[in-house]
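Numbering (the numbering used here), first residue to last: 1 to 70.
Built from N, CA and C at the ideal position, the CB exists for glycine as well.
Computed from a predicted model, the values in this text were never measured in an experiment.
Here's the structure, in structure tokens; my notes come after.
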Amino acid sequence: MRIPMDRLSADALLGVIDDFILREGTDYGHDDISIEAKRARVMQQLRKGEAHVVFDEATETCSIVTDEKR
């Protein structure tokens with residue numbers, strides 16, 4: 001089930017974003033991208049609707065999915 005990102009506290013949203021970044025192991029090529037830049041990129045995807053916060057009722061956890069993973 002989708003959860004509007006504004007329904008999460010800033011700390012909770014940051015935790016979900018960090019989990020997504022670490023879990024996905026996104027390939028940024030040879031560039032060393034800071035965690036802040038990665039967070040900003042995910043926030044941009046969320047704001048544009050290219051990614052969404054979802055709640056899994058079976059595991060009772062939140063995560064982020066991108067349109068390409070759906």
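Candidates the options: closest to residue i by CA position
i, options, result
"I21", "S9, A37 and L8", "A37"
"R2", "A51, S34 and A10", "A51"
"G49", "A10, E57, V65 and R23", "V65"
"V134", "I17, E24, S34 and T59", "There is simply no residue 134 to check, as the chain begins at 1 and stops at 70 in what is shown."
"D67", "A58, T59, D56 and Q45", "Q45"
"A12", "D32, S34, E57 and V53", "V53"
Contact with chain B by residue i, beta-carbon distance below 8 angstroms
i, result
"E36", "Absent from the structure: chain B. Only one protein chain is present."
Residue(s) in a DSSP beta bridge with residue i
i, result
"R2", "V54"
"I64", "V53"
Exposure label - residue i; buried when at least 16 CB within 10 Å
i, result
"A40", "exposed"
"L14", "exposed"
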